[in-house]
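Chemist: The structure is given below, and queries will be raised subsequently.
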Amino acid sequence: MLLKAGFIYRSGKGSHTVWSHALLDYSLTLSGKDGADADRYQEKDVKNALKDLENIPE
1325 MLLKAGFIYR
1335 SGKGSHTVWS
1345 HALLDYSLTL
1355 SGKDGADADR
1365 YQEKDVKNAL
1375 KDLENIPE
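According to our numbering, the sequence shown is numbered sequentially starting from 1325.
What follows is the structure in C-alpha cells.
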C-alpha cells in the first residue's frame, strides 16, 4: 500500500521499517514483518499519512 503511494523504506532496528515520502516532512516507523497484522495505532498512522498526501495541492 505504501509502496504504491510512492513511499520508500529503509530498515530500522530489529523488525522495524522507516517509511518516507518526498512530499511529506515526516516519516513513519512501522514494526513487524511483512504480512504481520499491524497494530491499530500503526493503521491510523498509515491512513493519516495517505490522507495528508491526498491533501497536498499539485
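C-beta atoms are modelled at their ideal positions from N, C-alpha and C, and glycine is treated no differently.
Note that the coordinates shown come from a computational prediction; the quantities given were computed from them, not determined experimentally.
#1: Can you tell me whether Leu1352 is helix, strand or coil according to DSSP?
#2: What residue range is occupied by the uninterrupted beta strand (DSSP E) comprising Ile1332?
#3: Among residues of its own chain, excluding the 5 on either side of Lys1328, which ones have a beta-carbon nearer than 7 Å to its beta-carbon?
#4: Starting from the Cα of Met1325, find the closest Cα among Tyr1350, Gly1338, Asp1358, His1340 and give me that residue.
#5: From what residue to what residue does the beta strand (DSSP E) around Ser1339 run?
Modeler: With the structure as the only source:
#1: strand
#2: Its beta strand (DSSP E) spans residues 1332-1335.
#3: Excluding sequence neighbours, Lys1328 sits near nothing in its chain.
#4: Asp1358
#5: Here Ser1339 belongs to no beta strand (DSSP E), and DSSP marks it neither H nor E.
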